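Everything on this sheet refers to the single structure shown next.
There are 2 protein chains.
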Amino acid sequence: MNSAEDRITEWFAAARHLDPARFPVAIGDDMAQINLDGGKSVLITTDMLLEGTHFDLKTASLEQVGYKSMAASISDCAAMATRPLAAVVSVGLPAGYASRELKQLHKGIVSAADKYDCPLVGGDITSWQKETALVINVAMLSTPAGCEPLKRSGAKVGDCICVTGTLGGSGFGKHLDFEPRVEEAIRIAATGKVNSMMDISDGLSTDLARICHQSKVGAVLNAEAIPVSEAAMRTSDPLASALNDGEDFELLFTLPEKECEKLLSQWRGTVPITCIGKIVKGEQMKLRAPDGQLTPLKPAGYDHLADKETL
Amino acid sequence: MNSAEDRITEWFAAARHLDPARFPVAIGDDMAQINLDGGKSVLITTDMLLEGTHFDLKTASLEQVGYKSMAASISDCAAMATRPLAAVVSVGLPAGYASRELKQLHKGIVSAADKYDCPLVGGDITSWQKETALVINVAMLSTPAGCEPLKRSGAKVGDCICVTGTLGGSGFGKHLDFEPRVEEAIRIAATGKVNSMMDISDGLSTDLARICHQSKVGAVLNAEAIPVSEAAMRTSDPLASALNDGEDFELLFTLPEKECEKLLSQWRGTVPITCIGKIVKGEQMKLRAPDGQLTPLKPAGYDHLADKETL
């Protein structure tokens, strides 16, 4: 647990006790789960995208920004192996914006909503008086998809660490048109054997550190096994790109070795699953080089609040 | 339906058809309602507060801003006679902010959460790279409180138009420390006779126009009956202040005359209820002066998107 964002999140989680009977999953996971009377539950996530931080309108169209804002939240639903239900979107418009820009944004939002059957059911549109940057917030609901939502905190010593797809270099384009792994997550969770899961939004090294910290375990990754994306291969350090670049929006999950073998042998998906290492004792993360040498692996992904003091 | 905000909302509502069996209330009301399998439903609202538009840190503390951000959404829950369930909050921090500011904001958020039993269950904190304004988004869930959620669209010709509390001059202070009318709304709705309800966030004239437009009815307000707040009395035009100032966060509702008489005679609350006029045929709103003369009443409250072109 190294990033300023994580320290602040921990402070928020500790500041108020939530009844686990009503809120079995709360602050610190990809979504919060809320138990309703009668045995049903819903999950909720909220994500804010800021122009200049999360997107740049010099390189992304408003339609792409709309798609990304929805897809990032849909990926949170996938991260817990839940099914997206509905979304509400708030937009803060720069002074110069008009209905043309709103319609472009809306087009991207509904393209993601339609693709993942997660309708836009409400929103809030407001205008800055003086600021000149666009801000979008998506809040999304999901429901459990036939199993308990998968948390970050359940990884066990001996688990295999797996990822979907390929990692790194998302900034070259994938961060705008990625496909959240909803169906993959539900199929993986249907094995009933997955101990922990999340999506990789801030980079593998940072997000794996979260699973380790919350599960009180360590990890050893095999450098050779990490599925480096084609985009990452074009960088000067493809392995570092795969380990540390943010916004892969792939699944990161752990399950016992035998169950992993079974899953990999039976997996028929267009999106590959790769076992990249093992959960071990302790809270250290290490990287195993092809020659067998172990070096410490530091969380070096994106820290949204890197400039903030420690709480 | 006169404001740019309403025109844009209508465009969004028309752009995608939502199945009313799954979403009985959607875009255009205070909250969207989502039916879950098994007969349960939840409602959701999202509200974005922008520094310089919705609050000014020269005159409001961060704690007050935190309280207001939650209370505005709690008022949306009240507007439909539903009970707040849980909230998630996103914060976009200006570059200079640190944990001290976050904790002040958090203090205000949890004071509202505790008071209205609506816990903060998750959030997202992120930083602007260049902008210098604070942005807060609250998304809130609620559940029906023993009756169907009350919509804006149910007003009937002959209904009395009622409001809680007193109106106008909220900018002198009430807009920062108002008390959402959750218990009042649930008690009023428990009569089973209320045809329409909303909260007054953009000013009585603008919000009543929304009920009239969505219910396809008109309204006549009695100028003498409108409960003008003490703060509004200090302005140069107290009646205009009560009619058009935003952020009263009082309830506006309609019900048949006999039921209104019964409610008023039985009401034992510290918050008064006042009948201020009648629902009539047509979609015109009129104001009746003490001498009986009728003049047209225009929506003249706050329009969040007044500078935007017509869609």
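Chains V and U, in that order, give the protein sequences.
Per the numbering used here, numbering of the first sequence is gapless, rising by one per residue and ending at 311.
Per the numbering used here, numbering of the second sequence is gapless, rising by one per residue and ending at 1311.
Note that the Cβ used here is the ideal one computed from N, Cα and C, for glycine as well.
All values derive from a computational prediction rather than experimental measurement.
How about residue i and residue j: do their beta carbons lie closer than 8 Å?
i: serine 1205 (chain U); j: leucine 1252 (chain U); result: no
i: valine 89 (chain V); j: isoleucine 109 (chain V); result: yes
i: phenylalanine 178 (chain V); j: phenylalanine 249 (chain V); result: yes
i: glycine 1218 (chain U); j: glutamine 1284 (chain U); result: yes
i: valine 1121 (chain U); j: isoleucine 27 (chain V); result: yes
i: aspartate 1207 (chain U); j: methionine 1140 (chain U); result: no
i: valine 1091 (chain U); j: isoleucine 1125 (chain U); result: yes
i: alanine 1155 (chain U); j: proline 1094 (chain U); result: no
i: proline 290 (chain V); j: alanine 223 (chain V); result: yes
i: valine 1280 (chain U); j: valine 1220 (chain U); result: yes
i: cysteine 1118 (chain U); j: proline 1084 (chain U); result: yes
i: methionine 1070 (chain U); j: alanine 1087 (chain U); result: yes
i: serine 312 (chain V); j: glutamate 247 (chain V); result: As shown, chain V starts at 1 and ends at 311. That puts residue 312 (chain V) outside it, with no answer to give.
i: valine 135 (chain V); j: valine 1138 (chain U); result: no
Can you name, in chain order, every residue of its own chain whose Cβ lies under 7 Å from the Cβ of residue i, other than the five neighbours on each side?
i: phenylalanine 55 (chain V); result: Leu49, Val65 and Lys68
i: serine 111 (chain V); result: Tyr67
Taking the C-alpha atoms as reference points, what is the distance between residue i and residue j?
i: alanine 78 (chain V); j: alanine 32 (chain V); result: 13 Å
i: arginine 1022 (chain U); j: threonine 1274 (chain U); result: 36 Å
i: arginine 181 (chain V); j: leucine 102 (chain V); result: 28 Å
i: alanine 1060 (chain U); j: glycine 1052 (chain U); result: 11 Å
i: aspartate 47 (chain V); j: lysine 1107 (chain U); result: 21 Å
i: arginine 187 (chain V); j: valine 271 (chain V); result: 12 Å
i: aspartate 199 (chain V); j: lysine 286 (chain V); result: 20 Å
i: serine 153 (chain V); j: alanine 189 (chain V); result: 15 Å
i: glutamine 1129 (chain U); j: leucine 1239 (chain U); result: 45 Å
i: serine 1229 (chain U); j: leucine 57 (chain V); result: 46 Å
i: lysine 115 (chain V); j: arginine 1016 (chain U); result: 14 Å
i: isoleucine 1211 (chain U); j: leucine 43 (chain V); result: 32 Å
i: cysteine 1147 (chain U); j: alanine 1300 (chain U); result: 33 Å
i: serine 241 (chain V); j: arginine 100 (chain V); result: 37 Å
i: aspartate 1312 (chain U); j: alanine 145 (chain V); result: Past the edges of chain U, shown from 1001 to 1311, lies residue 1312 (chain U), and the structure says nothing about it.
i: aspartate 1159 (chain U); j: tryptophan 1267 (chain U); result: 18 Å
i: alanine 209 (chain V); j: glycine 292 (chain V); result: 21 Å
i: alanine 113 (chain V); j: alanine 1113 (chain U); result: 30 Å
i: alanine 1098 (chain U); j: leucine 1263 (chain U); result: 50 Å
So, for residue i: in the same chain, excluding its five sequence neighbours on each side, which residues have a beta-carbon less than 6 Å away from its beta-carbon?
i: asparagine 1035 (chain U); result: Arg1022 and Ser1041
i: lysine 298 (chain V); result: none
i: glutamine 1104 (chain U); result: Leu1062 and Glu1063
i: phenylalanine 1012 (chain U); result: Ile1027
i: histidine 1175 (chain U); result: Glu1247
i: serine 1170 (chain U); result: Asp1245, Glu1247 and Asp1248
i: serine 127 (chain V); result: Leu93
With 16 other CB atoms within 10 Å as the buried threshold, where does residue i fall?
i: serine 245 (chain V); result: Note that residue 245 (chain V) corresponds to aspartate in the displayed sequence, not to serine. It counts as buried.
i: leucine 1294 (chain U); result: exposed
i: glycine 38 (chain V); result: exposed
i: glycine 1123 (chain U); result: buried
i: serine 1265 (chain U); result: exposed
i: glutamate 1257 (chain U); result: exposed
i: alanine 1014 (chain U); result: exposed
i: glutamate 1261 (chain U); result: exposed
i: aspartate 1237 (chain U); result: exposed
Taking residue i and residue j to be in contact with their CB atoms under 8 Å, please state how far apart those CB atoms are, rounded to whole angstroms.
i: isoleucine 161 (chain V); j: threonine 254 (chain V); result: 5 Å
i: glutamate 1259 (chain U); j: threonine 1191 (chain U); result: 6 Å
i: alanine 1232 (chain U); j: glycine 1168 (chain U); result: 3 Å
i: threonine 1143 (chain U); j: threonine 1082 (chain U); result: 6 Å
i: glutamate 184 (chain V); j: glycine 269 (chain V); result: 6 Å
Can you give me the Cβ contacts of residue i inside the same chain, cut-off strictly under 8 Å, excluding the 5 residues immediately before and after it?
i: lysine 151 (chain V); result: Val25, Asp29, Met80, Ser196, Met197 and Gln214
i: arginine 1288 (chain U); result: Val1220, Leu1221, Asn1222, Ala1223, Gly1277 and Leu1294
i: threonine 9 (chain V); result: Ile27 and Gly28
i: lysine 1216 (chain U); result: Glu1283
i: proline 1296 (chain U); result: Gln1284, Met1285, Lys1286 and Leu1287
i: proline 1227 (chain U); result: Val1163, Gly1165, Thr1166, Leu1167, Ala1242, Pro1272, Thr1274 and Ile1276
query = Between the stretch 96 to 109 of chain V and chain A, which residues of the former have CB atoms less than 7 Å from a CB of the latter, in chain order?
reply = Absent from the structure is chain A; the protein chains it does hold are V and U.
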